[in-house]
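The structure appears below as structure tokens.
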Amino acid sequence: MNPTSVQAAEPPPTSRLALAALPGSVRTARRHVHDLLHRWELPHLIETAELVVSELSTNAIRETGIMTDSPGYGELTSGLNAICVSLHVVDSRAVIEVWDASPSPPHIKDADPDDEGGRGLFLVEALTTRWGFRRPETGGKVVWAEIKPG
Ligand SMILES: Nc1ncnc2c1ncn2[C@@H]1O[C@H](COP(=O)(O)OP(=O)(O)OP(=O)(O)O)[C@@H](O)[C@H]1O
Ligand SMILES: [Mg+2]
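If you read the sequence shown in this note's numbering, its first letter stands for residue 126, the second for the next number, and so on.
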């Protein structure tokens, strides 16, 4: 009997990037997701993934971070939180996860047409096959979303 060649399965692409919880990190998160999906040859997911990571990381920074990119030194010495952006691909589906230090759950708001905000998670819901959150034992929470190919 001839030997059968068994190829080790490639591990699924995965990435994790911790960022300071400052507004400017949203741009870095977008860029990071863009570059990863380009490298992983999933360009059709880039546009949607960038929108989703923007909404999730903006929320995460607001919940745990500093809301200006030029905080006073005092604010920085009193502690700067982080967020963590993860991306992984399973069966051609990309899942974005954003961790923040707050245990509070995200919830879709019933926004009036005149309201300035309250639409981010609506957008996430429209652009994803599913989304949700979980609370790791180590604290904070992860809001995750599975990207719908555009
Ligand atoms: N990471 C989070 N941690 C805790 N609460 C969250 C988080 N993300 C969202 N929320 C809650 O869910 C609500 C709805 O979020 P959503 O992103 O839809 O709207 P928004 O952030 O208030 O406004 P917009 O995104 O339109 O600027 C928020 O107002 C907040 O109360
Ligand atoms: Mg929002």
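Cβ atoms here follow ideal geometry from the backbone N, Cα and C, with glycine treated the same way.
Using the Cα positions of L239 and F247, report the straight-line distance between them to the nearest angstrom. Checking the sequence shown, residue 239 turns out to be Asp, not Leu. Cα to Cα, the separation comes out at about 16 Å.
Three or more C-beta pairs under 8 Å: does that hold for the segment 143–158 against the segment 184–204? Enough Cβ pairs lie closer than 8 Å, so yes.
If V210 sits next to L142, beta carbons under 8 Å apart, how far is it from one beta carbon to the other, in whole angstroms? So it is a contact: roughly 5 Å between Cβ atoms.
Could you give the DSSP three-state label for E222: helix, strand or coil? E222: strand per DSSP, three-state reduction.
Three-state secondary structure (DSSP) of L167: coil
Sort E262, M192, R152 and S179 by Cα distance to R244 and report the nearest one. S179
In chain order, what residues have a CB nearer than 6 Å to some heavy atom of ligand 2? That gives E180, T183, N184 and G245.
Looking at the strands, I want to know which residues DSSP matches up with T139. In the DSSP secondary-structure assignment, T139 is bridged to H213.
Coarse secondary structure for I186, derived from DSSP in three states: I186 falls in the helix class under three-state DSSP.
Use the C-beta contact count for D225: other C-beta atoms within 10 angstroms, 16 or more gives buried, fewer gives exposed. buried
When the Cα atoms are used, what is the spatial distance from D194 to P274? 33 Å
R260 to G199 span [Cα, whole Å]: Across the structure, R260 and G199 are spaced so that their CA atoms are roughly 30 Å apart.
Give me the DSSP bridge partner(s) of G257. Assignment of beta-bridge partners to G257 by DSSP yields W269.
Is A143 close to ligand 1? I mean its beta-carbon at under 8 Å from any heavy atom of the ligand. Not a single heavy atom of ligand 1 lies less than 8 Å from the C-beta of A143.
So does A236 have its beta carbon nearer than 8 Å to some heavy atom of ligand 1? yes
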